[in-house]
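Worksheet for the structure shown next.
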Amino acid sequence: MPRRSTIRSTTDCAAAPDCAASAVPPDFGARVVQWQRRHGRHDLPWQNTRDPYRIWLSEIMLQQTQVSAVIDYYQRFLARLPTVQALADAPADEVMALWAGLGYYSRARNLHRCAKLVVQQYGGHFPSDPALLAELPGIGRSTAAAIAAFSAGVRAPILDGNVKRVFARCFGVHGHPGEKAIENRMWAMAEAALPAPGPRQSDDMVAYTQGLMDLGATVCSRGKPACLDEPARCPLSDLCVARREGLTAVLPTPKTRAPVPERSTVMVVLRHGREVLLRLRADSGIWGGLWSLPELPVPALPFDAEQAEDDALAFGRAFGTPARAAMVAEMTHVFTHFRLLIRAVRVDMAALALRDAGGAAAQAAQEQWRWLSLDRLDELGMPAPVRKLLAGEVVPQLF
DNA sequence: AAAACGGGGGT
DNA sequence: ACCCCAGTTTT
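Count along the first sequence from 1, add 4, and you get the number used in the working numbering.
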């Protein structure tokens, strides 16, 4: 193991937190602090106070909620319940009413619980230790650090979605930040990124914490980071791995979505001349109310083409005299929740059963069945893949 | 319509 | 200690 190497990519060191930290240049915190003082936001209603109650209230409201949506609620809430004591004493109904419209109502319930606890356990004074704050309901590690930093200048790192995005890009972290291993590395980075301790620590922590939030919200945004057009707007642009490597669009790595389950079905294309047999699907469920092809009962796995052809012939006998059956197509249709592998068996009918027989059966089945000419596909509502199949877009030579 | 999000809760 | 969820907005 090399004792100390030159700047290396964080992707080289899979799990080592100290290595993650080594990706952070020593002046990172100072850059953010300076940037925030000149270019960050300074006039939000919860800034320029060290009142832990106001800061806590704003942080809870800001969880998963944009600044613009929070401002009015914050002012109204604060005007009505100006202290943690007032909040603790308020009836739940009033708290909920003040929250109505903000969403995520468990935040409001936790807020109320938390206020009561702060009054009971801490005499109405919020602790400044992030570890203690994080024990209170509705306050996790990141929110605790934000409250401690803003209210008491405590040197503790935040790591919310915005910060994860900034770190992933700046330090070239690949992998979904929701993954435990990735998040651990980011916490290590967050520790290493803090401005140096010192006489100005308290003020620096306020600027730094706000600066990270501002950077993520206004410069290093999800869709179109400012560096694409105006790199000068980002104080980290000369450090940023994603910018250097053109990876801002792929970092942070999105969550790998679970491979959608695959189902399969066998559809029967029962042909008599240019006519094809269709079945009306039930109103509920997939393709509800659409005319589709009849399907064979779920074939046992593994799929057996010969068996399917035999089953299709048997199916055809219910409608007359089938001449031959053949597997003709395989296609995959993608739904939101699963992929459907559609196999099609074509059955050519030599003759149809007497009209009365088929017709009576159809009536009895509430007109679930009908024949349609391949030249009139437009006349009925059909699932897209079925229409494609019948239109000859899947196997033109056969239809 | 699909992704993201900070904390809580369950295992 | 891990995995997953709830509930809502944004892209």
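Note that CB positions come from ideal geometry on N, CA and C, so glycine has one too.
Going by DSSP, what residue range makes up the beta strand (DSSP E) through H337?
Along the first sequence, one-based indexing puts residue 337 at 333. It spans 324-338 - the beta strand (DSSP E) in which H337 sits, taken as one unbroken run.
According to the Cβ coordinates, are L91 and A112 closer than 7 Å?
Counted from its first residue, the first sequence places residue 91 at position 87. Counted from its first residue, the first sequence places residue 112 at position 108. No, Cβ-Cβ distance for L91 and A112 is not below 7 Å.
Please go through the same chain and pick out, in chain order, the residues whose beta-carbon is closer than 7 Å to the beta-carbon of R159, but skip the five residues on each side of it.
Start at 1 with the first residue of the first sequence, and residue 159 comes out as number 155. Excluding positions up to five away in sequence, the list reads L198, P201, Q205, M209.
Output yes or no for whether 7 Å exceeds the beta carbon distance between N114 and G144.
On the first sequence, residue 114 is found 110 positions in, with the first residue counted as 1. On the first sequence, residue 144 is found 140 positions in, with the first residue counted as 1. Their beta carbons are not under 7 Å apart, which means N114 does not touch G144 by this criterion.
According to DSSP, is G289 helix, strand or coil?
If you number the first sequence from 1, residue 289 lands on position 285. In this structure, G289 counts as coil in the three-state DSSP scheme.
Taking all protein chains shown into account, do 16 or more other C-beta atoms lie within 10 angstroms of the C-beta of E63, making it buried, or fewer, making it exposed?
On the first sequence, residue 63 is found 59 positions in, with the first residue counted as 1. Counting Cβ neighbours within 10 Å, E63 comes out buried, since at least 16 surround it.
Rounding to the nearest angstrom, what Cα-Cα distance links R117 and D55 in this structure?
Looking up residue 117 in the first sequence gives position 113. Looking up residue 55 in the first sequence gives position 51. C-alpha separation (whole angstroms): 19 Å.
Using 7 Å as the threshold, is the C-beta distance between A327 and D287 below it?
To locate residue 327, count along the first sequence from 1; it is residue 323. To locate residue 287, count along the first sequence from 1; it is residue 283. Not a contact, by the Cβ cut-off of 7 Å.
If you run the structure through DSSP and keep just helix, strand and coil, what is T213?
As a position in the first sequence, residue 213 is number 209, starting the count at 1. It is helical.
Assess contact between the region 293-301 and the region 269-284, defined as three or more Cβ pairs (one per stretch) separated by less than 8 Å. Is contact present?
Judged by Cβ distances under 8 Å, the region 293-301 makes contact with the region 269-284, as three or more pairs qualify.
Helix, strand or coil for A94? Go by DSSP, reduced to three states.
Within the first sequence, residue 94 is the residue found at index 90, counting from 1. A94 falls in the coil class under three-state DSSP.
If we ignore side chains and look at the alpha-carbon of each, how far apart do A94 and I162 end up?
Mapped onto the first sequence, residue 94 falls at position 90. Mapped onto the first sequence, residue 162 falls at position 158. Rounded to whole angstroms, A94 to I162 spans 30 Å at the Cα level.
One question on the structure: do A24 and M193 come within less than 7 Å of each other, judged by their Cβ atoms?
For this step, residue 24 is matched to residue 20 along the first sequence. For this step, residue 193 is matched to residue 189 along the first sequence. Yes, these two residues count as a Cβ contact at 7 Å.
Compare the Cα-Cα distances from L393 to each of A355, I346, G385 and report the closest residue.
The residue you call residue 393 lines up with position 389 of the first sequence. For L393, the nearest C-alpha among the options comes from I346.
Would you please state the rounded distance, in angstroms, between the beta carbons of V2 and V399? I believe it to be under 8 Å.
Past the edges of the chain, shown from 5 to 403, lies residue 2, and the structure says nothing about it.
Just to confirm the assignment: which complete alpha helix (DSSP H) runs, minimum length 4, are found wholly within the region 37-69?
Counting whole runs of 4 or more residues, the region 37-69 contains the alpha helix (DSSP H) stretches 56-66.
Under three-state DSSP, which class holds R12?
Counting from 1 along the first sequence, the entry for residue 12 is found at position 8. Reliability of the predicted coordinates at R12 is poor, the pLDDT of 35 falling under 50, and the value obtained from them is presented with this limitation in mind. Residue state, collapsed to three classes: coil.
Report buried or exposed for Y109, applying the criterion of at least 16 other Cβ atoms within 10 angstroms of its Cβ.
Within the first sequence, numbered from 1, the residue matching residue 109 stands at position 105. It counts as exposed.
Does the Cβ of K168 have 16 or more other Cβ atoms within 10 Å, making it buried, or fewer, making it exposed?
On the first sequence, position 164 is the one that residue 168 refers to. Classification for K168: buried.
Which two residues bound the contiguous beta strand (DSSP E) that contains H276?
The residue given as residue 276 occupies position 272 in the first sequence. Taken as a continuous stretch (DSSP letters only), the beta strand (DSSP E) holding H276 covers 266-276.
Does DSSP put S3 in a helix, a strand or coil?
Because the chain is modelled from 5 through 403, residue 3 falls outside the range shown and cannot be assessed.
Looking at R374: is its Cβ nearer than 7 Å to the Cβ of L381?
Residue 374 sits at position 370 when you count from the first residue of the first sequence. Residue 381 sits at position 377 when you count from the first residue of the first sequence. No.
Cβ atoms of A230 and N415: under 7 Å apart, would you say?
In the structure as shown, the chain begins at 5 and stops at 403. Residue 415 is therefore absent and cannot be evaluated.
Just to confirm before moving on: does the CB-CB distance between L317 and A329 stay below 7 Å?
Position 313 of the first sequence, counted from the first residue, corresponds to residue 317. Position 325 of the first sequence, counted from the first residue, corresponds to residue 329. Closer than 7 Å, so yes.
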